[in-house]
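Reading through the structure tokens given below for one structure.
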Amino acid sequence: MRKCVYEELSKDELHKLFLELRRLLKLLLQKFQRQYPKEVMKDQCSKIMRWSMAEQEVEPSQPAALST
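Here this note's numbering is used: the first residue of the sequence shown is 9, the next is one more, and so on.
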């Protein structure tokens, strides 16, 4: 992988690099698979809290007086 930073890769080498990256990503995803539901739940809770806080901070808009 470090080779691609310093040298130009051929089409074949680039293909091999992506295959290796895909393999490594798959291994990492499998390794940390049990943590995903917890992380997703944390993210959803924090988004809901932010939305709730944002809604509380928004002041109701007052209608503007029309001048003719």
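Glycine is no exception: its CB is placed at the ideal position from the N, C-alpha and C atoms.
Boundaries of the alpha helix (DSSP H) harbouring Phe26: Lys19 to Lys39, taken from the DSSP string.
For Lys19, same chain residues with a beta-carbon under 6 angstroms away, outside a window of 5 residues either side, do not exist. One alpha carbon belongs to Lys34, the other to Phe40, and they sit about 10 angstroms apart.
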